[in-house]
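These notes concern the structure reproduced below.
Protein chains: 2
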Amino acid sequence: MRSLPPLSAVRVFEAAARHLNFTRAAAELGMTQAAVSYQVKLLEERVGTPLFLRAARRVELTEAGARIAPVATQALDLLGTAFQAARNDSEAVLVISSLHTFASNWLAKRLGSFQLAHPEIAVRLEISSHLVDFAREEVDVGLRGGSGRWPGLVAHPLLPWHFAPYASPDLLARLDLATPADLLSAPLISPDDPWWRHWFAAAGVDAGDIAARPAVLMGMQQLQGAAALSGQGIALLTPSLWPDDIAAGRLVAPFDIVGREGEGSIWLVYPESKRGSRKVRAFRDWILAAIRP
Amino acid sequence: MRSLPPLSAVRVFEAAARHLNFTRAAAELGMTQAAVSYQVKLLEERVGTPLFLRAARRVELTEAGARIAPVATQALDLLGTAFQAARNDSEAVLVISSLHTFASNWLAKRLGSFQLAHPEIAVRLEISSHLVDFAREEVDVGLRGGSGRWPGLVAHPLLPWHFAPYASPDLLARLDLATPADLLSAPLISPDDPWWRHWFAAAGVDAGDIAARPAVLMGMQQLQGAAALSGQGIALLTPSLWPDDIAAGRLVAPFDIVGREGEGSIWLVYPESKRGSRKVRAFRDWILAAIRP
DNA sequence: ATGAATACATAAGTTGTGCTTATCTATTGC
DNA sequence: GCAATAGATAAGCACAACTTATGTATTCAT
Chain Z
566 MRSLPPLSAV RVFEAAARHL NFTRAAAELG MTQAAVSYQV KLLEERVGTP LFLRAARRVE
626 LTEAGARIAP VATQALDLLG TAFQAARNDS EAVLVISSLH TFASNWLAKR LGSFQLAHPE
686 IAVRLEISSH LVDFAREEVD VGLRGGSGRW PGLVAHPLLP WHFAPYASPD LLARLDLATP
746 ADLLSAPLIS PDDPWWRHWF AAAGVDAGDI AARPAVLMGM QQLQGAAALS GQGIALLTPS
806 LWPDDIAAGR LVAPFDIVGR EGEGSIWLVY PESKRGSRKV RAFRDWILAA IRP
Chain C
566 MRSLPPLSAV RVFEAAARHL NFTRAAAELG MTQAAVSYQV KLLEERVGTP LFLRAARRVE
626 LTEAGARIAP VATQALDLLG TAFQAARNDS EAVLVISSLH TFASNWLAKR LGSFQLAHPE
686 IAVRLEISSH LVDFAREEVD VGLRGGSGRW PGLVAHPLLP WHFAPYASPD LLARLDLATP
746 ADLLSAPLIS PDDPWWRHWF AAAGVDAGDI AARPAVLMGM QQLQGAAALS GQGIALLTPS
806 LWPDDIAAGR LVAPFDIVGR EGEGSIWLVY PESKRGSRKV RAFRDWILAA IRP
C-alpha cells in the first residue's frame with residue numbers, strides 16, 4: 566500500500582525546488598509567496614524532515630530535498646505530458662455516429678468539405694441504427710432522429726423529419742394511382758412502418774390494418790430508398806435526404822402530401838460536457854452552415 | 566510551461582483505473598464512492614474526454630483512459646517511493662550537535678549504549694560552540710547550555726550548569742590556599758571568564774577587576790579542564806562534566822563553594838516539528854534515562 | 001552607516017473545493 | 001420478483017488552501 570504525501574504540496578515543492586525561490590515559484594503557480602511557504606512547511610512536516618535550508622534571502626535544498634526534487638520533477642513531467650497528449654488526442658479525432666440514411670445521402674458527399682476546412686481533425690464516421698449512449702461509447706457527436714429532447718445532450722435540429730411516398734417513375738406509370746387511397750393496394754415497401762399510418766392519416770385515408778399486409782420488411786430508409794429506386798415498390802422517404810434522386814426524377818412522389826411525426830427532426834447531438842470541445846464546436850458550426858446554405 | 570490536471574483527481578483516477586471499480590478505489594483511498602465518482606468526472610471534464618466507459622455495474626477505461634492510467638501509476642509510484650525513502654532516510658541518521666565539553670566528558674563514553682539499543686539509527690555527532698540554528702543546519706538535536714528558553718524548540722534540562730574551581734592535587738599542595746580570596750593571586754585559567762566573577766561573588770570575595778590580569782585565555786571548558794589536570798592552573802569547571810577525574814582525585818576542588826549562573830543548565834533541545842520523529846524520541850528517552858540513573 | 005529593497009515566515013480571516021450523507025437508477029443474480 | 005450491487009447525482013458542510021497584512025532578516029546602494 567502506497568502512502569503518498571499531499572500532491573498539491575508536492576507540486577508546490579517541485580516548483581520551489583526548481584526555482585530555489587519561493588516567490589518565483591508562487592508566480593509560476595499563480596499563487597502568493599505565503600501559500601508556497603505554507604505548502605512547503607506542510608510537506609516538510611509530512612515527510613518528517615526539512616526539505617529546504619532557510620538561508621538569508623534565499624533557500625537551498627537539504628539533502629532530503631535534493632534527493633526528492635528531481636524525482637518530483639520527473640513524475641510531474643510524466644503526468645503533464647500524458648495528460649497533455651490525451652487532451653491533444655481527444656481533439657485530434659472526431660467520432661460521428663450517424664443514421665445510415667443521413668450518412669449516405671447527405672453527410673457522405675459533404676464531409677470532405679469539413680475535412681478540407683479542418684485538416685487537423687481526423688473524422689471517424691460510424692453508422693448505427695441505435696441511439697448512441699455517450700456514457701458507454703466513445704462517440705463525440707451523434708446524428709439521429711427524434712424529438713430533440715434528450716437529457717444531458719445538446720441538440721441542434723438539422724432537417725425536418727418529413728416523409729412522403731416515393732417510387733420510380735416506371736412503377737408509377739404502371740400503377741396509375743389516382744388518389745392516396747389507391748396506395749393501399751399498391752406494393753408498399755415496409756408497410757409495417759408506423760409512419761405509413763401517419764402518412765395515411767395526413768392524407769385523410771383510413772388505412773385499416775395496413776401492417777397486417779404481407780410485404781417486404783426493411784428497417785432502414787437507406788434500403789427502402791434503394792428498393793424504390795429500382796422499382797420494387799413505394800417507399801416512405803424523407804425528401805430532404807434524397808434531393809438528388811428527386812431532382813433527377815429517379816424518385817417521384819405520386820402525391821403532394823407530406824407526413825410529419827410530431828416535431829420530429831434529424832438532430833445533431835452531443836453531451837453537454839463536450840460543448841467546449843474545439844472539434845465539436847467546429848463540426849457543429851460547419852454542419853449548421855452547410856445545412857442552411 | 567507545464568499544465569497539470571488537479572493532482573488529487575489524478576490520484577483518485579489512478580486508483581479507480583487500477584481497480585476498474587469506483588467503490589473499491591474509494592475503500593483504498595479511505596473515502597466514499599461518491600467522492601471517487603466526483604473526482605473522476607472532474608478530471609474527465611478537465612481533460613476534455615471521458616476516461617471511463619460506464620457499463621452496467623462496472624466501468625472500463627476508454628482509449629484515453631487506458632493510455633493515461635499506466636503513466637499515472639508510474640508517476641505516483643515514483644513519488645511514493647521517493648518520499649518513502651526520504652522519510653526512512655530521515656529516520657536513519659541522527660545528527661547531534663553538542664557542546665565540546667559535554668560531548669567529550671559525558672556523551673562520548675555513553676553514546677555506544679544508545680547505538681547498541683538502537684542499531685537501526687546511525688549517529689553523527691557534531692561539535693560546535695555556536696548555538697545551532699535548526700532552520701539553517703541539518704541537525705536533529707542539540708546539546709547546549711543556557712536558560713532553556715528558546716522559542717520554537719523543545720528543551721529538556723540535563724545537567725545543572727554549576728561551576729567551581731578545580732586544580733590538580735600537586736598544584737593545590739604547592740599553592741596552600743586557605744580562603745577563596747587566596748585564589749585571586751593564584752594562577753587562574755581563563756580569568757576573564759565572566760563565571761569567575763559569579764563564583765567569587767558566591768564565595769563572598771570582592772574580585773576587583775579580575776579580568777584585567779594577564780593569563781591564559783581559553784574558550785572552552787574542555788581545554789581548561791585539560792590545563793587544570795596537567796597542573797597549569799586553577800580552572801572553573803562544571804563538576805558534573807568531570808566526574809571521573811574528580812572521583813579519581815586528579816581534579817580537586819579547594820573549596821566547597823559552587824557557583825551557578827541563574828537557572829542555567831545543559832539542555833537537550835530539538836525543534837517542535839521533530840517532536841514526533843522516532844529517532845529523536847528514542848534519543849530523548851535514552852539520554853534522560855542515562856542522565857538520571 | 002543608513003535607508004530601500006528583497007525574501008521568507010507567520011497570523012488571521014475568507015473561500016471554495018472536496019468531501020459525506022442520502023437518495024436514485026440500472027443491472028445482476030437467486 | 002426481490003435483494004444485492006455498482007455508479008450517478010444532489011445538497012450541504014467542513015476544513016484545507018488560499019489571500020492579505022505584517023514581521024523579520026539580510027543585502028545592497030549611496
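The listed protein sequences correspond, in order, to chains Z and C. For the first sequence, the residue numbers in this note's numbering are 566 to 858. For the second sequence, the residue numbers in this note's numbering are 566 to 858. Quick reminder that beta carbons are idealized off the backbone N, C-alpha and C, glycines included.
query                                                                                                                                        : result
Residue ranges of each alpha helix (DSSP H) within the region 638–707 of chain C, 4 or longer                                                : 673–682
Terminal residues of the beta strand (DSSP E) in which residue 720 of chain C lies                                                           : 718–731
Residue 587 of chain C - containing alpha helix (DSSP H), residue span                                                                       : 587–594
Residues sharing a beta bridge with residue 772 of chain Z, DSSP                                                                             : Beta-bridge pairing links residue 772 of chain Z to no other residue.
Enclosing alpha helix (DSSP H) for residue 944 of chain Z [first to last residue]                                                            : What is shown of chain Z runs 566 to 858, which leaves residue 944 of chain Z out entirely.
Buried/exposed call for residue 709 of chain Z, threshold 16 Cβ in 10 Å                                                                      : buried
Given 8 Å, three or more beta-carbon pairs between the region 609–618 of chain Z and the region 606–623 of chain C                           : no
Cβ-based neighbour list, residue 753 of chain Z, same chain, cut-off 7 Å, excluding 5 preceding and 5 following                              : 761, 780, 798, 799
Nearest candidate by alpha-carbon position, reference residue 636 of chain C, set Z:852, Z:645, Z:808, Z:584                                 : Z:645
For residue 658 of chain Z and residue 676 of chain Z, believed in contact at Cβ under 8 Å, the rounded distance                             : No, residue 676 of chain Z and residue 658 of chain Z are not in contact; Cβ-Cβ is about 14 Å, not under 8 Å.
Rounded distance between the beta-carbons of residue 822 of chain C and residue 729 of chain C, thought under 8 Å                            : 6 Å
Pairwise C-alpha distance: residue 796 of chain C and residue 782 of chain C                                                                 : The pLDDT assigned to residue 782 of chain C is 49, lower than 50, so where the model puts this residue is not dependable, and the model offers no usable value.
Pairwise C-alpha distance: residue 767 of chain C and residue 649 of chain C                                                                 : 55 Å
Beta-carbon contacts of residue 699 of chain C that lie in its chain and below 6 Å, excluding the five residues immediately before and after : 836
First and last residue of the uninterrupted alpha helix (DSSP H) at residue 739 of chain Z                                                   : 734–740
Terminal residues of the alpha helix (DSSP H) in which residue 609 of chain C lies                                                           : 598–612
Straight-line gap, residue 789 of chain Z to residue 756 of chain Z (C-alpha atoms, nearest Å)                                               : 11 Å
Rounded C-alpha distance that separates residue 712 of chain C from residue 605 of chain Z                                                   : 31 Å
Residue of C:833, C:814, C:683 minimising C-alpha distance to residue 718 of chain C                                                         : C:833
Euclidean distance between Cα positions of residue 634 of chain C and residue 639 of chain Z                                                 : 17 Å
Within chain Z, partners of residue 703 of chain C - CB distance below 8 Å                                                                   : 615, 618, 627, 628
Reference residue 723 of chain Z, options Z:770, Z:598, Z:793, Z:671, closest by Cα                                                          : Z:671
Sub-7 Å separation of residue 726 of chain Z and residue 824 of chain Z beta-carbons                                                         : no
Proximity test, Cβ basis, 7 Å: residue 648 of chain Z and chain C                                                                            : yes
Closer than 9 Å at the beta carbon, the chain Z residues around residue 850 of chain C                                                       : Within chain Z, no residue comes near residue 850 of chain C; the closest Cβ sits about 18 Å away, beyond 9 Å.
Sequence-distant residues of its chain with Cβ nearer than 8 Å to residue 574 of chain C (five each side left out)                           : 604, 605, 607, 608, 611
Chain-ordered neighbours of residue 866 of chain C on chain Z, where CB pairs are closer than 7 Å                                            : This structure gives no information on residue 866 of chain C, because the portion of chain C shown stretches from 566 to 858.
Residues near residue 704 of chain C by beta carbon distance below 6 Å, same chain, minus five either side                                   : 660, 662, 697
Where residue 817 of chain Z falls: helix, strand or coil (DSSP)                                                                             : strand
Contacting residues, own chain, Cβ-Cβ under 6 Å from residue 683 of chain C (five flanking each side not counted)                            : 847
Neighbourhood of residue 584 of chain C by C-beta distance below 8 Å, restricted to the same chain and skipping five residues each side      : 590, 593
7 Å Cβ cutoff met for residue 751 of chain Z and residue 740 of chain Z                                                                      : yes
Short-range partners of chain Z found in the region 637–663 of chain C, where Cβ spacing is below 9 Å                                        : 637, 639, 640, 641, 642, 643, 644, 645, 646, 647, 648, 649, 650, 651, 652, 654, 655, 656
Test: residue 572 of chain C CB closer than 7 Å to a CB of chain Z                                                                           : yes
Among C:731, C:857, C:690, C:851, the one whose alpha carbon lies nearest that of residue 819 of chain C                                     : C:731
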